[in-house]
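Take a look at the structure set out below.
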Amino acid sequence: MSVEGLKLVNVAPNLNKPSTSTAPSNKTTNNANTSTSAIPSATSAPSNSKVKSDYVENSHASNVEAHTSNKTTNNLSSELNSMTVTGKSGNSKIDNKEKIPSRVEYKPEKWMLVDQTNDRLTQLNLAIVGHVDSGKSTLSGRLLHLLGQISQKQMHKYEKEAKLQGKGSFAYAWALDESAEERERGITMTVAVAYFNSNKYHVVILDSPGHKDFVPNMISGATQADAAILVIDASLGAFEAGIASAGGQTREHAQLIRSFGVDQIIVSVNKMDAVQYSKDRFDTIKLQLGTFLRSCNFRDSNVSWVPLSAMENQNLVGPASDARFSWYKGPSLLEAIDAFQPPAREYSKPLLMPICDVIKLPSQGQVSACGKLEAGALRNGSKVLVLPSGDVGTVRSLERDSLPCSVARAGDNVAVSLQGVDASSVMSGGVLCHPDFPVAVSDRLELKILVLDVQTPILIGSQLEFHIHHAKEVAKVAKIVSLLDPKTGKVTKKSPRCLLAKQSAIVEVVLQGEVCVDEFSSSRALGRVFLRSSGTTVAVGVVTRVITAERN
Ligand code: GTP
Ligand code: MG
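Structure below.
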């Protein structure tokens, strides 16, 4: 099982550093542990940010081609729709289900449920996604600065340092791009986590990398998202590159976040300064991208469009001041964030926390698991089962936003310090769960998948990179059970020889190592999968059956 890292950015002047002092540090380990050659290593991309865009455009040995007709677009839409709604294959018997008490039998204790009198803001995990260089980090840094999370002094420091390295325009992005390599290359490589409060939400920003080599890291962060901001570069040529059929990350990111279950997004059309705040340009982008987003199954009513300039601070937290922008009468970015519907949370289900990062302090014998609680609740003294190792530990302390807290509930991102477990048994890609309600640990799964726009067919024996929550494994297609009608989901052919673009199918995969997994019908977070090859997502899907499951 390999590691997917997120970095907590320490930009909040009013907040302490994590008491564990080592913030998640496996920033660039992600690709190093990739056990398949499908994804180029982090170091294979050029280190000069000036050639970055050329590299991205030219180097795409991409398998993705255009949606050439409305017909195909609609098929993809209905398929993603059915994936999102149900993961059942009609054949979902779990071999050892009888050993596990059903998660629906679980009765939560009173403290686990939300205290309605509590005036804590609802947490909103907000993924910032979009094509490379569209300005995601600059936008995030600017918001954090405007909302008081980056002090003036700190901002001056970033500006000075960025200028010294000849990267003056990246000053705001430096708040999120903390590693020397990210700064040198001018790109985000791992997801940066930071937070601010809006009127309605405690917003946790997940600033994702746009470069195609780091899509697995983007996936790791965006699986935690309740909502997303899709950042578009309005400049001439740049929007077009992002939406291009061959390798545009606007396209891939939009498809991915929708298939994670994110259904409300803000499209922030950034760099409006570069197109003289042209309404025509904004309208053109909205028209073209709107059609694509509909094909990904985003509803028009859940998509808001906000033109802005992160660099010039136009329309971020208040109305734009530039006269050329007077045609825009809609909400600012911050207002659009507050207009998101509050996310649904599984408070009354048994504890489930996919482990995103692990912090170890061997000298003090401490180990902390970091991640987002997908279901249930935790407090000091709670017993937790660590999977896949099977160790049972006790919660020693909890931290949210780098501050100690007494209770954490579904939706919260926390660091859980554990006692009574061997540090080596806690790993990224694993899961913390309720000792009486373990999830399955398995290396053989039945999936319902939707093949994206691939040029190479998927065959029996094909090796793909398999992603599920924060785990990544090499997967071999062991069986192609049946082809499904994209509209009805009914079986149209048994045992086909191969799968082509836009086909939907039931397949069985065998993984090189075991993963913590659940059927999509009982856990969305543990039942969604992505298959990638040659640096591109080739299929999205859901787990319909856990074929072999070993309990520890
Ligand atoms: P990756 O994380 O590597 O995908 O890039 P990113 O989307 O985070 O972009 P980043 O914030 O690093 O900015 C890329 C470049 O775009 C920098 O040179 C920024 O100064 C520039 N930029 C960002 N926002 C704006 C804007 O509103 N207007 C203009 N003109 N340039 C901008
Ligand atoms: Mg960035």
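Remember, my numbering sits 642 above the position in the sequence shown when you count from 1.
For each residue, glycine too, the CB sits at the ideal point set by N, CA and C.
Contact test: residue i Cβ vs the ligand GTP heavy atom, cutoff 6 Å
{"i": "G1062", "result": "no"}
{"i": "N957", "result": "no"}
{"i": "N912", "result": "yes"}
{"i": "A815", "result": "yes"}
{"i": "G852", "result": "yes"}
{"i": "V771", "result": "no"}
{"i": "V774", "result": "yes"}
{"i": "M860", "result": "no"}
{"i": "S1031", "result": "no"}
{"i": "D1078", "result": "no"}
{"i": "M953", "result": "yes"}
{"i": "D915", "result": "yes"}
{"i": "S963", "result": "no"}
{"i": "S1165", "result": "no"}
{"i": "S811", "result": "yes"}
Cβ-heavy atom distance, residue i to the ligand MG, below 6 Å
{"i": "K1135", "result": "no"}
{"i": "T1186", "result": "no"}
Beta carbon of residue i nearer than 7 Å to that of residue j
{"i": "G783", "j": "L818", "result": "yes"}
{"i": "G1071", "j": "G1035", "result": "no"}
{"i": "C1075", "j": "L1020", "result": "no"}
{"i": "V1188", "j": "Q1145", "result": "no"}
{"i": "R1042", "j": "D1054", "result": "yes"}
{"i": "V873", "j": "G777", "result": "yes"}
{"i": "C1140", "j": "L1106", "result": "no"}
{"i": "Y748", "j": "F1079", "result": "yes"}
{"i": "L788", "j": "V1026", "result": "no"}
{"i": "L878", "j": "N912", "result": "no"}
{"i": "D583", "j": "K842", "result": "The requested residue 583 does not occur in the structure, where the chain is confined to residues 643 to 1194."}
{"i": "P996", "j": "H1109", "result": "no"}
{"i": "A1052", "j": "R987", "result": "yes"}
{"i": "L781", "j": "A952", "result": "yes"}
{"i": "F940", "j": "Q956", "result": "no"}
{"i": "A769", "j": "A864", "result": "yes"}
{"i": "E1016", "j": "A883", "result": "no"}
{"i": "S901", "j": "V1096", "result": "no"}
Candidates the options: closest to residue i by CA position
{"i": "F881", "options": "V846, L976, L929 and Y843", "result": "L929"}
{"i": "Y1157", "options": "M953, P1030, S1104 and L975", "result": "In the sequence as displayed, the identity of residue 1157 is Val instead of Tyr. Of M953, P1030, S1104 and L975, the residue nearest in Cα terms is P1030."}
{"i": "K1014", "options": "E824, L755, V756 and Q765", "result": "Q765"}
{"i": "I1122", "options": "H1111, G1103, V1149 and K1135", "result": "V1149"}
{"i": "P973", "options": "E988, V1009 and S910", "result": "S910"}
{"i": "G1032", "options": "S1067, L786, S793 and T933", "result": "S1067"}
{"i": "V756", "options": "I907, S1010 and S990", "result": "S990"}
{"i": "E954", "options": "V917, K1002, E988 and F982", "result": "V917"}
{"i": "S1124", "options": "A1052, V1028, I1091 and I997", "result": "I1091"}
{"i": "V1116", "options": "L1168, A1011 and S1175", "result": "S1175"}
{"i": "T892", "options": "F902, A1120, F934 and E1088", "result": "F934"}
{"i": "D905", "options": "S937, T926, V1009 and S1010", "result": "S937"}
{"i": "L1126", "options": "K1135, P984 and P961", "result": "K1135"}
{"i": "L848", "options": "A834, V1151 and D855", "result": "A834"}
{"i": "E751", "options": "S811, S1005 and P992", "result": "P992"}
{"i": "A1201", "options": "Q791, A822, S793 and I792", "result": "Lying before the first or after the last residue shown, residue 1201 is absent from the chain, which here runs from 643 to 1194."}
{"i": "S1165", "options": "V1185, V1151, G1155 and T1178", "result": "V1185"}
{"i": "P1004", "options": "S1024, A896, F982 and D1064", "result": "D1064"}
{"i": "G1177", "options": "G889, N944 and G808", "result": "G889"}
Limits of the beta strand (DSSP E) - the one that residue i falls within
{"i": "M995", "result": "L994 to P996"}
{"i": "L872", "result": "A869 to D875"}
{"i": "K1014", "result": "Q1008 to K1014"}
{"i": "K1025", "result": "K1025 to L1029"}
{"i": "Y843", "result": "Y843 to D849"}
{"i": "T1036", "result": "D1033 to R1042"}
{"i": "Q807", "result": "Neither: Q807 is in no beta strand (DSSP E) and is coded neither H nor E."}
Start-to-end residues for the alpha helix (DSSP H) that takes in residue i
{"i": "N859", "result": "V857 to A864"}
{"i": "D925", "result": "K921 to S937"}
{"i": "I885", "result": "A880 to I885"}
{"i": "T1130", "result": "First-last for T1130: undefined, no H or E at that position."}
{"i": "Q897", "result": "Q891 to S901"}
{"i": "K778", "result": "K778 to L788"}
Cutoff 7 Å: residue i Cβ touching any chain C Cβ
{"i": "P992", "result": "The structure shown has no chain C; it contains just one protein chain."}
In chain order, what residues have a CB nearer than 5 Å to some heavy atom of the ligand MG?
These are the residues, in chain order, with a beta carbon less than 5 Å from any non-hydrogen atom of the ligand MG: K778, S779 and T830.
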